[in-house]
Structure formats: C-alpha cells, structure tokens
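>
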Amino acid sequence: MIKKVLVANRGEIAIRVMRSCREMGIETVAVYSDVDRKSMHVRYADEAYHIGPAPSAESYLRMDRIIEAAKKSGADAIHPGYGFLSENATFSALCEKEGIIFIGPSPHAIETMGDKITARKTMIAAGVPVVPGTTEPVRDIKTALEVIRKIGLPVMIKASAGGGGKGMRLVKNEEDVVNAVSAARSEAKAAFGDDAVYIEKYISSPHHIEFQVLGDKHGNIIHLFERECSVQRRHQKVVEETPSPIMTPEVRAKMGEAAVAAARAVNYYGAGTIEFIVDDNLNYYFLEMNTRLQVEHPITERVVGVDLVKQQINIANGLPLSYKQEDLRQHGHAIEVRIYAEDPDNNFMPSPGLIKHITHPLGFGVRHDGYAYEGYEIPMYYDPMISKLIVWAETRREAIARLKRALFVYKITGVKTSIPYLRRILDVPAFIEGRYNTHFIEENQEYLQPKRTCSERAVDIAAITAFVDYINKLERLQPPATEKQLANNWKDFGRKRGVLRF
Ligand code: ADP
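All the letters of the sequence shown, read from the start, carry residue numbers 119 to 620 under the numbering used here.
The following block contains the structure:
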C-alpha cells in the first residue's frame with residue numbers, strides 16, 4: 119500500500135493532491151524549482167526537494183531529478199497532477215522500471231491516446247463515433263482534396279500529436295487547402311516534432327462535452343457523467359459546469375456508454391476524460407482522451423460525491439473501484455471558473471507579480487482550490503492560473519447566483535486577474551439561459567467589454583467641471599471662442615488629463 123506520494127507538480131493541483139493524501143494518512147513530498155522555494159505546495163508538503171532552475175524543462179520536466187527525489191525521500195508513488203509529465207508515456211514507464219508506482223494509466227494507454235490518428239482508429243474499431251474524416255496521415259494535397267470533396271467543407275486540418283489548440287486550421291474554401299495543410303504541418307513539427315496531420319469535418323456551432331471515467335486494474339470501468347466545457351477562449355476552457363444545460367437523460371446514457379467503451383479499448387485504468395464534440399442535434403463524436411486528472415475535475419467530484427484523487431490512489435494500489443455504475447447519481451449543479459493572473463482588459467496579457475491582498479470567498483456551497491497567499495510573488499515561468507472557484511447548489515439558477523455572490527467578494531490586489539471578466543460572463547443572457555456553444559465568447563463580445571466603474575465616471579465628472587471653469591476663465595480673458603475652437607480646447611484638455619474617451 120502506498121505510504122508516501124511525491125507530487126511532481128506545483129500550484130493548486132499539487133496542493134489538491136496532497137489534501138487527499140493527508141486525509142488518507144499518506145505522507146507527501148513536494149518538488150520545487152528555484153522560483154518556487156516559497157510556493158505554497160512546498161509549505162504544505164511533509165518534505166520538499168529542490169529539482170532545478172525556474173524553466174520547467176530544467177525542473178518540473180526533469181524525469182531524472184524527480185525520480186532521484188522520490189528515491190531520496192523514500193516515496194513509493196508519484197502523482198503527476200496535470201500538464202508537465204502527466205501524459206508522458208516514457209515517464210510512466212520509467213517510474214515502473216524504477217519500482218515507483220505511477221499514479222496514472224499504463225504507458226500503452228497514454229501512447230495510444232496521445233496520438234490522435236491512432237486514437238481515432240482505436241475508437242472506430244471500438245464502435246465509438248468519431249468526427250468524419252481521415253484515419254491515416256494526409257501526405258499530399260491530392261488526397262486531401264479527395265477527402266474534402268467526400269466529407270464536404272468546412273473542415274479542420276489537425277495535428278496528430280496536437281494539444282493546446284496547436285497545429286489546428288479551419289478551412290472554408292478549397293483554394294485555402296494547400297496553405298492550411300502546410301501551415302498546420304509546420305506548426306505541428308515545431309511544437310511536437312511530428313508533422314503528421316489529418317482531416318476532420320468541422321462541426322458548426324459545436325459543444326465541447328466531456329465524460330469523466332475511472333477504471334481499475336481488474337477491468338472495471340465506470341463513468342461519472344459529463345462536464346460542459348463550451349465556454350472557451352482560443353480553445354482554452356474558461357468556465358465549466360455539470361450537468362450540461364443541453365443534455366438529455368437518453369443522450370447522457372448513450373455517451374456514458376461510449377465513454378466507457380472508449381476507455382475499455384485501451385484497457386484503461388486510472389482517472390481519464392473522454393472529450394466529445396456535440397452538434398446542435400446532440401450527435402456526438404469522440405474528439406480525444408486525456409489520460410490524466412483534468413483541471414475541471416472538482417465539479418464532477420461535487421455533483422457525484424466522489425474524491426477522484428483518492429480513487430486514483432486506490433486504483434494505483436490495485437484495489438477495485440469503490441463504486442458501481444448504478445451507485446452513481448448526479449446531485450445538484452456545479453460550476454467552476456478559472457482565475458488567471460492576466461489582464462482581461464489588455465488582451466489577456468499575463469500579469470505575474472506580487473500579491474498584495476486577497477479576500478477569498480467563503481460560505482455554503484463554495485470550494486476554492488488555489489495556492490496564492492498575501493506576499494507571494496506569482497512567477498512568470500508557468501501557467502498563470504492562480505485558482506479555481508467551484509460552487510455547488512441544488513439548481514443551475516441558484517449555482518449561478520452563488521457564483522456571482524462568491525465572485526463579488528473575491529478580491530486580489532497587486533496583480534491583474536480575470537475575476538472582472540468572469541463576472542461579466544455570468545451576466546450574459548445566453549449563459550444565464552444555458553444556450554451557448556464554443557462560439558459563446560466571440561458572439562457575446564458586447565457583454566464582455568469592460569464596464570466603466572463609478573470611480574472612472576467620477577474622474578470624468580471632475581474633469582468636465584474643471585473644463586467648464588477653464589472655459590469660463592478663457593471667456594473672461596478673450597473674445598467668445600468659435601464652436602470649433604471650443605471643441606479643440608475640450609479635446610486638448612481631455613488629452614492632457616488623459617480622461618476623455620470618445
Ligand atoms: P487540442 O488537443 O489541441 O486541445 P482538440 O481536438 O481537443 O484540440 O480541440 C480543441 C477545441 O477545438 C474543441 O474543444 C473545439 O472547440 C474545437 N474543435 C476541434 N475539432 C473540431 C471540429 N472538428 N469541429 C469544430 N470544432 C472543433
């Protein structure tokens with residue numbers, strides 16, 4: 119049985135994993151880079167090991183140093199969190215070779231699902247619907263055009279090794295195929311060292327709906343229902359909720375079965391997520407499988423009442439799943455928002471730096487998974503996510519009201535954050551009504567623009583008053599100004615004060 123876990127990660131997810139370990143009586147080991155010496159995960163763990171300089175390639179991605187820290191500390195297992203080494207088959211195999219339990223799936227499952235073309239073929243063989251398209255890499259334009267004529271435009275050209283939205287191109291016209299294929303190829307080569315691309319039909323007004331699965335080493339696989347992740351900015355999730363507002367019990371049951379079949383096709387054990395793309399008529403297609411814990415896993419935990427990290431550890435221990443499919447129910451509604459250190463009003467520029475003050479939201483139905491504290495300096499080297507705010511309530515309507523209440527008190531000063539932007543999302547009618555797809559953000563720009571604050575308006579009023587005084591003075595000294603002169607004076611004055619907006 120696992121007695122000590124090294125968490126090969128940082129930030130909120132490292133702490134989240136350690137919390138479950140502590141409840142299970144398992145000791146925890148942190149690893150940290152130079153800039154993370156004072157990070158909360160280091161303080162939270164029972165012991166901590168330095169593994170290198172700030173860049174992740176020299177620390178959190180250094181398999182040798184992480185294995186060395188595990189050995190030094192006597193950890194019998196490694197939890198990879200998400201990102202970093204979590205979907206690296208070589209690392210999972212290396213842990214096995216070194217006699218350390220990797221809390222995650224087999225190298226075979228990671229490898230099969232990590233290559234999208236292989237994953238598509240595996241899914242077709244398992245009877246899971248995939249987006250219409252190619253099952254072999256597209257090597258020449260002639261083949262590409264043949265496929266496109268068969269499945270019809272628009273299409274997506276996608277990198278087989280893809281991830282994070284890279285190596286993906288939307289093609290609407292035949293004459294753009296040549297450029298799109300070569301652009302996707304070179305982007306894929308640069309990002310993943312593999313230029314294999316394939317073609318998929320573009321699903322218009324799609325929903326991104328994913329299913330959580332759990333499998334043990336005895337062949338039992340269950341699903342824990344869906345998460346709706348269609349509120350995305352540049353293919354990155356911003357808000358997630360469960361249940362999905364568009365789901366029906368029949369489609370949920372069918373997609374759940376498809377998710378289990380997908381996991382079974384690779385003899386999956388551990389926690390994993392099957393991502394589907396769903397059209398307006400609730401036709402669903404396998405998109406990809408993430409062979410790790412997801413950022414948005416807490417909404418499932420809350421609605422289904424299962425601690426996914428504890429399940430991962432039990433599975434790694436070789437224990438059978440604690441639940442059968444028929445034991446599981448969705449209870450109430452949960453929503454998660456991701457809080458980033460970035461400036462939503464300045465093109466989402468990352469905003470690393472010193473946190474001066476934080477007021478955390480508290481109260482019934484609120485969960486906060488974070489790692490920042492007052493006086494902590496958010497480093498510029500890693501993902502700028504500061505925390506996740508998760509709310510639960512009996513109904514979706516109440517959950518939205520609770521999230522608004524929580525975001526109303528959530529204050530972080532010193533760095534810019536996405537909190538104001540998230541508040542605006544909750545006021546968009548399409549979100550409130552649960553009528554949205556992956557185009558939500560681009561379609562609702564008018565609601566997502568910054569609203570002027572009272573203090574900004576007060577500054578303008580003060581400027582206008584000062585301006586009137588100024589004009590009065592001018593009029594006393596000079597003959598009455600023409601309208602044009604007046605307008606010029608106004609603009610000039612405004613520019614000097616920097617307060618006028620036209
Ligand atoms: P990555 O692994 O790079 O994140 P995915 O295949 O998971 O790429 O797709 C990311 C997002 O891109 C999806 O959530 C969806 O919004 C959009 N997308 C991907 N494939 C399609 C498609 N065939 N049609 C429409 N949208 C798509």
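Where is the CB? At the ideal position from N, CA and C, for every residue including glycine.
If we ignore side chains and look at the alpha-carbon of each, how far apart do K534 and T513 end up?
Within the sequence shown, the letter at position 416 stands for residue 534. Within the sequence shown, the letter at position 395 stands for residue 513. Rounded to whole angstroms, K534 to T513 spans 32 Å at the Cα level.
> Leaving out the 5 sequence neighbours to the left and right, which residues in its chain are closer than 6 Å to Q429 when beta-carbon positions are compared?
As a first step, residue 429 is located in the sequence shown; it is residue number 311 there, counting from the start. The residues are L332.
> Does the pairing of the stretch 479–494 with the stretch 503–513 give three or more beta-carbon distances under 8 Å?
yes
> Using a Cβ-Cβ cut-off of 8 Å (strictly less than) and excluding sequence neighbours within five positions of R523, which residues of its own chain qualify?
Position 405 of the sequence shown holds residue 523. Same-chain partners within the cutoff: P479 and G481.
> List the whole-angstrom C-beta distance separating Q448 from F343, where the pair is believed to meet the contact cut-off of C-beta under 8 Å.
For the purposes of this step, residue 448 is taken as the residue at position 330 of the sequence shown. For the purposes of this step, residue 343 is taken as the residue at position 225 of the sequence shown. Confirmed, about 5 Å.
> Determine, using beta carbons only, whether A207 and Y386 come nearer to each other than 7 Å.
Working through the sequence shown from its first residue, we reach residue 207 at position 89. Working through the sequence shown from its first residue, we reach residue 386 at position 268. Not a contact, by the Cβ cut-off of 7 Å.
> Following the continuous alpha helix (DSSP H) through Q563, name the residue where it begins and the one where it ends.
Residue numbering aside, residue 563 sits at position 445 when the sequence shown is read from its first letter. Q563 to L566 is the extent of the alpha helix (DSSP H) around Q563.
> Let me confirm a value: V248 is counted as buried when at least 16 other C-beta atoms fall within 10 Å, else exposed. Which label applies?
Residue numbering aside, residue 248 sits at position 130 when the sequence shown is read from its first letter. Burial call: buried.
> Given a cut-off of 7 Å on the beta-carbon distance, is the pair D334 and P438 in contact?
Stepping through the sequence shown from its first residue, residue 334 is reached at position 216. Stepping through the sequence shown from its first residue, residue 438 is reached at position 320. Going by C-beta atoms, D334 is nearer than 7 Å to P438.
> Between Y200 and L426, is the Cβ-Cβ spacing less than 7 Å?
The count along the sequence shown starts at 1 and reaches residue 200 at position 82. The count along the sequence shown starts at 1 and reaches residue 426 at position 308. Not a contact, by the Cβ cut-off of 7 Å.
> Could you pull the start and end residues of the beta strand (DSSP E) that H353 belongs to?
The residue you call residue 353 lines up with position 235 of the sequence shown. Careful: H353 lies outside any beta strand (DSSP E) and carries neither H nor E.
> Just verifying my parser: in three-state terms, what is the DSSP assignment at H415?
By one-based count along the sequence shown, residue 415 stands at place 297. Helix at H415.
> Helix, strand or coil, according to DSSP, for R615 in the structure here?
Here residue 615 is taken as the residue at index 497 of the sequence shown, counted from 1. Caution applies to R615, whose pLDDT of 45 falls short of 50 and renders its modelled position unreliable; the model cannot decide the point.
> For the alpha helix (DSSP H) holding N432, just list the boundary residues, first then last.
By one-based count along the sequence shown, residue 432 stands at place 314. Taken as a continuous stretch (DSSP letters only), the alpha helix (DSSP H) holding N432 covers L426 to A434.
> Have a look at S469 and T531 and give me their C-alpha separation to the nearest angstrom.
Taking the sequence shown and counting its residues from 1, the one referred to as residue 469 is at position 351. Taking the sequence shown and counting its residues from 1, the one referred to as residue 531 is at position 413. When only Cα atoms are considered, S469 and T531 end up about 11 Å apart.
> Since I340 and L446 should fall inside the 8 Å C-beta cutoff, what is the C-beta to C-beta distance between them, to a whole number of angstroms?
Taking the first residue of the sequence shown as 1, we reach residue 340 at position 222. Taking the first residue of the sequence shown as 1, we reach residue 446 at position 328. Rounded, the Cβ-Cβ distance is 7 Å, consistent with contact.
> Helix, strand or coil for E130 per DSSP?
As a first step, residue 130 is located in the sequence shown; it is residue number 12 there, counting from the start. Looking at E130 - three-state DSSP - the assignment turns out to be helix.
> R345 by DSSP, collapsed to three states: which one?
As a working note, residue 345 is residue 227 in the sequence shown. Looking at R345 - three-state DSSP - the assignment turns out to be strand.
> Report the rounded CA-to-CA distance for L271 versus D397, giving the unit in angstroms.
Position 153 of the sequence shown, counted from the first residue, corresponds to residue 271. Position 279 of the sequence shown, counted from the first residue, corresponds to residue 397. Near 16 Å, if we compare the C-alpha coordinates of D397 and L271.
> Leaving aside the five residues before and after K529 along the sequence, list all residues of the same chain whose C-beta is less than 6 Å from its C-beta, in chain order.
Residue numbering aside, residue 529 sits at position 411 when the sequence shown is read from its first letter. Result list for K529: T477, in chain order.
> Could you compute how far the alpha carbon of V484 sits from the alpha carbon of V455?
Locating residue 484 in the sequence shown gives position 366, counting from the first residue. Locating residue 455 in the sequence shown gives position 337, counting from the first residue. For V484 and V455, the distance between alpha carbons rounds to 12 Å.
> Rank H486, T146 and R351 by C-alpha distance to the C-alpha of Y539 and give the top, closest one.
If you number the sequence shown from 1, residue 539 lands on position 421. When C-alpha distances from Y539 are compared across H486, T146 and R351, the shortest belongs to R351.
> What did DSSP end up calling A166 once you bin it into helix, strand or coil?
If you number the sequence shown from 1, residue 166 lands on position 48. It is a strand residue.
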